[in-house]
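Some notes on the structure that comes next.
Protein chains: 2
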Amino acid sequence: MAELQNDVFLRALLRQPTPYTPIWIMRQAGRYLPEYNKTRSQAGSFLKLCKNPELATEVTLQPLARFNLDAAILFSDILTIPDAMGLGLYFADGEGPQFERPLRDEKQIQSLSVIEPEEQLKYVTDAVRSIKQALNGRVPLIGFSGSPFTLACYMIEGKGGTEFHRVKKMAYERPDLFGKILEVTSASVIAYLNGQIQAGADAVMIFDTWGGALTPSAFKRFSQNNLKQICTGLIREVNGRVIPRVVFTKGGGQWLEGLSETGADALGLDWSTDIATARMRVGDRVALQGNMDPAILLTNPEVIQKEVGEILAGYGEGFGHVFNLGHGVNQFTPPENVHALVEAVHEQSRGYHAAG
Amino acid sequence: MAELQNDVFLRALLRQPTPYTPIWIMRQAGRYLPEYNKTRSQAGSFLKLCKNPELATEVTLQPLARFNLDAAILFSDILTIPDAMGLGLYFADGEGPQFERPLRDEKQIQSLSVIEPEEQLKYVTDAVRSIKQALNGRVPLIGFSGSPFTLACYMIEGKGGTEFHRVKKMAYERPDLFGKILEVTSASVIAYLNGQIQAGADAVMIFDTWGGALTPSAFKRFSQNNLKQICTGLIREVNGRVIPRVVFTKGGGQWLEGLSETGADALGLDWSTDIATARMRVGDRVALQGNMDPAILLTNPEVIQKEVGEILAGYGEGFGHVFNLGHGVNQFTPPENVHALVEAVHEQSRGYHAAG
Numbered sequence: 442m443a444e445l446q447n448d449v450f451l452r453a454l455l456r457q458p459t460p461y462t463p464i465w466i467m468r469q470a471g472r473y474l475p476e477y478n479k480t481r482s483q484a485g486s487f488l489k490l491c492k493n494p495e496l497a498t499e500v501t502l503q504p505l506a507r508f509n510l511d512a513a514i515l516f517s518d519i520l521t522i523p524d525a526m527g528l529g530l531y532f533a534d535g536e537g538p539q540f541e542r543p544l545r546d547e548k549q550i551q552s553l554s555v556i557e558p559e560e561q562l563k564y565v566t567d568a569v570r571s572i573k574q575a576l577n578g579r580v581p582l583i584g585f586s587g588s589p590f591t592l593a594c595y596m597i598e599g600k601g602g603t604e605f606h607r608v609k610k611m612a613y614e615r616p617d618l619f620g621k622i623l624e625v626t627s628a629s630v631i632a633y634l635n636g637q638i639q640a641g642a643d644a645v646m647i648f649d650t651w652g653g654a655l656t657p658s659a660f661k662r663f664s665q666n667n668l669k670q671i672c673t674g675l676i677r678e679v680n681g682r683v684i685p686r687v688v689f690t691k692g693g694g695q696w697l698e699g700l701s702e703t704g705a706d707a708l709g710l711d712w713s714t715d716i717a718t719a720r721m722r723v724g725d726r727v728a729l730q731g732n733m734d735p736a737i738l739l740t741n742p743e744v745i746q747k748e749v750g751e752i753l754a755g756y757g758e759g760f761g762h763v764f765n766l767g768h769g770v771n772q773f774t775p776p777e778n779v780h781a782l783v784e785a786v787h788e789q790s791r792g793y794h795a796a797g
Numbered sequence: 442m443a444e445l446q447n448d449v450f451l452r453a454l455l456r457q458p459t460p461y462t463p464i465w466i467m468r469q470a471g472r473y474l475p476e477y478n479k480t481r482s483q484a485g486s487f488l489k490l491c492k493n494p495e496l497a498t499e500v501t502l503q504p505l506a507r508f509n510l511d512a513a514i515l516f517s518d519i520l521t522i523p524d525a526m527g528l529g530l531y532f533a534d535g536e537g538p539q540f541e542r543p544l545r546d547e548k549q550i551q552s553l554s555v556i557e558p559e560e561q562l563k564y565v566t567d568a569v570r571s572i573k574q575a576l577n578g579r580v581p582l583i584g585f586s587g588s589p590f591t592l593a594c595y596m597i598e599g600k601g602g603t604e605f606h607r608v609k610k611m612a613y614e615r616p617d618l619f620g621k622i623l624e625v626t627s628a629s630v631i632a633y634l635n636g637q638i639q640a641g642a643d644a645v646m647i648f649d650t651w652g653g654a655l656t657p658s659a660f661k662r663f664s665q666n667n668l669k670q671i672c673t674g675l676i677r678e679v680n681g682r683v684i685p686r687v688v689f690t691k692g693g694g695q696w697l698e699g700l701s702e703t704g705a706d707a708l709g710l711d712w713s714t715d716i717a718t719a720r721m722r723v724g725d726r727v728a729l730q731g732n733m734d735p736a737i738l739l740t741n742p743e744v745i746q747k748e749v750g751e752i753l754a755g756y757g758e759g760f761g762h763v764f765n766l767g768h769g770v771n772q773f774t775p776p777e778n779v780h781a782l783v784e785a786v787h788e789q790s791r792g793y794h795a796a797g
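Residue numbers (the working numbering), protein chains in the order written: chain A, 442 to 797; chain B, 442 to 797.
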């Protein structure tokens, strides 16, 4: 495996000195790039693109050819695990992910079993190996998965949403059944992320997309506990290098203290949280990743530079900040604005890293 | 005007002693009630129901006939103001509110003018007068409006959403134009709520449904400032009785400190905020209204009683809590669960009000 030429991202996640604030962008390989749309239409669909290691490698590297990003992220979906469990992931035009066979009876739930990544999700670990080879040490590669609670939401509702009434009804009325789903998905996420690490992922991120839909006590019970369990089960070091873990609960800005005790090295922040306040609250327990509103990328370089300046000043001096958006990049973003963002973060952040 | 027989709700909003915790429920007159669906189909549509003072009175009183609620809320929509401005409010089947003529050019925006409630929204003040007469002093009546930012979101996008890219692009790139919209809607909200107060509303609530979509600094600039301006402009007393104001920013749990300085007497809380923490943060500056997850009402009386107990214990001893859901009641809620909720709040809260 080629030596890493740029490990600024990994060092920032571990709160070690860096010369500047590293940046990557959620959904950086995505529909705002014409070359992505070309490869996607060649693959036939988003899901076929995910399942084709060669094309997944191609799109993973596309944003790195345009922008001076400090990390690559595996091109995949957060819902590969339930798909491997047989629920039948599909994407209808213009809608979010859905399942053909959502969990609707107890028997289905009792028969769920933990996935074995090198068997059921080999297209993912193959993609990791292929991307690592193509990157040739240029920047680190991030592996990822959905969180157990987020996977359970999709598995029970059959799709995303905002209310999750079916999920919550089960969680409150049948905690035994809901617990069974969380148990199997947690063990699967551990196996899956460890499979990605063994295939070469340099860091991993857990997307708790729907954790913010819960009350504070339900969040601890139905999401945070499982995030902690996962962090405990993950491979910590490969060849003497620590594999950092990032946990991102969208809408979880009020629960950073609890999240900082899960064993995560870094927490993702959406844009509803002030990064200066967040840093005070988590102290030196974790690094922070975020948190520009993706809507800013629809404006112009002047507005982008100003917002970058405010977020960098908010985090302030010292190490432990990875710049990112607070959510995935919007498909209507002009690529030149992403260029302006990456340059602004690199240039403006040097002053905060005097000792790096 | 008949003397109020139950002012527990108004006293709680002003943090005065009460014998128990009062309760009302967002969207308490709604689709979960068969009698509501009957009246609505008689009216022909939701909007026709809003615009018919006699039928609006009928549905406003329906939940009071079933449950021992401590307040009634005007049956109306948060978007009446932009409709009165000529944007053409409509509801497509199974979708949220939309506008036929959203704001898409500068000329449209420059020609907006402040509404005059007794002229352009007389159906609302007529409904307030009619409801007050029908209530005959049984419980207080809440008037309401959308917040300027929330109105602006719908006016610019033409519908609700989660990302509001069009709104944010204008707010960041053309703060002059966006400011013009906020200025006209703020002045209109003041005139509108004062019109409702003059017609008999005993308290008013401002629904900032989309304020939570902003960053902390953008929230201050584009929503909180206007909420403060509105509170400053509202009629404070009628016949020696204070008219309390409630401000509710959905997703604004991280900004309670700022919201407590707008001049609101009480803040609405969604369920993502722990009410014990919220009370510590706002101190004795404001009362709190909330904050049970509406999904709990889809379970059973046992779960409901337990959740009520946790929220009441969270708020703790003393005054200044109005029980409510953290969002509108879901249409699939069994009415008997709402009954269980109201009874549980009244019974369990007496122990926390020893001095009331």
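The beta-carbon is built from N, C-alpha and C at its ideal position, and this holds for glycine as well.
Under DSSP, threonine 566 of chain A shares a beta bridge with no residue. Counted as a single uninterrupted DSSP element, the stretch harbouring asparagine 732 of chain B is not any alpha helix (DSSP H) but the beta strand (DSSP E) occupying residues 728-733. Restricting attention to A/Tyr531, A/Val625, A/Gly761 and A/Ser552, the CA atom closest to the CA of leucine 455 of chain A is found in A/Gly761.
Look at the region 752-770 of chain A: it has no residue with a C-beta under 7 angstroms from a C-beta of chain B. With a cut-off of 8 angstroms on Cβ pairs, the region 446-465 of chain A is not in contact with the region 515-530 of chain A, counting fewer than three such pairs.
For alanine 644 of chain B, there is no enclosing alpha helix (DSSP H); the residue is found in the beta strand (DSSP E) stretching over 644-649.
Ranked by Cα distance from glutamine 639 of chain B, the first of B/Asn667, B/Tyr613, B/Ala654 and B/Val679 is B/Val679. Assigned with DSSP and collapsed to three states, glycine 709 of chain B falls in strand. Against chain B, a Cβ distance below 8 angstroms from glutamate 614 of chain A picks out Thr740, Asn741 and Val744.
With a threshold of 8 angstroms between beta carbons, aspartate 715 of chain B makes contact with chain A.
Only those residues of the region 688-709 of chain B whose C-beta falls short of 7 angstroms from the nearest C-beta of chain A are listed: Gly692, Gly694 and Gln695.
Bridge partners of lysine 600 of chain A according to DSSP: A/Gln539.
Within the model, the alpha-carbon separation for phenylalanine 619 of chain A versus alanine 612 of chain A is close to 5 angstroms.
Of the residues assessed, glutamine 730 of chain B falls on the buried side of the cut-off, its CB having 16 or more other CB atoms within 10 angstroms. Annotation for serine 701 of chain B: Val723, Arg726 and Val727 place their beta carbon closer than 6 angstroms to its own, counting only its chain and skipping 5 residues before and after. Between isoleucine 737 of chain A and chain B, the shortest Cβ-Cβ separation is below 8 angstroms.
Put simply, the CB of proline 775 of chain B is far from chain A, with every gap to its CB atoms at 8 angstroms or more.
Below 8 angstroms, too few C-beta pairs join the region 478-496 of chain A and the region 442-452 of chain A to call them touching: fewer than three.
Between glycine 652 of chain B and phenylalanine 590 of chain B, the C-beta spacing is below 8 angstroms. Within the same chain, Tyr461, Thr462 and Leu753 come within 7 angstroms of serine 790 of chain A by CB-CB distance, once the 5 residues on both sides are set aside. Taking C-beta atoms under 8 angstroms as the contact rule, phenylalanine 516 of chain A and alanine 568 of chain A qualify, at a distance of about 7 angstroms. Arginine 686 of chain A is bridged by DSSP to A/Val645. Between isoleucine 514 of chain B and glutamine 469 of chain B, the C-beta spacing is below 8 angstroms. With contacts defined as CB atoms closer than 8 angstroms, phenylalanine 663 of chain B and leucine 710 of chain B fail to qualify as a contacting pair. If the five residues before and after leucine 738 of chain B are omitted, its C-beta is found closer than 6 angstroms to the C-beta atoms of Thr774 and Asn778, all from its own chain and listed in chain order. When DSSP reads this structure, asparagine 765 of chain B sits in a beta bridge with B/Asn732. The C-alpha of lysine 621 of chain B lies about 7 angstroms from the C-alpha of glutamine 551 of chain B.
In this structure, DSSP gives leucine 530 of chain A an extended state, which the three-state scheme calls strand. Within the DSSP secondary-structure output, phenylalanine 585 of chain A pairs in a beta bridge with A/Met646. Taking the Cβ atoms as the reference, asparagine 771 of chain A lies roughly 7 angstroms from tyrosine 473 of chain A, within the contact range of under 8 angstroms. The C-beta of asparagine 577 of chain A has fewer than 16 other C-beta atoms within 10 Å across all chains shown, which makes the residue exposed. Against chain B, the CB of threonine 591 of chain A has no partner CB under 8 angstroms away; the residue lies outside that interface. DSSP lists A/Leu582 as the beta-bridge partner residues of alanine 513 of chain A.
Close to chain A, meaning a Cβ-Cβ distance shorter than 9 angstroms, are the following residues of the region 645-668 of chain B: Gly653, Ala654, Leu655, Thr656, Pro657, Ser658, Ala659 and Phe660.
Interface flag for lysine 492 of chain A against chain B is unset, since no Cβ pair is found closer than 8 angstroms.
If you draw a straight line from the Cα of glutamine 483 of chain B to the Cα of leucine 668 of chain A, it comes to about 51 angstroms.
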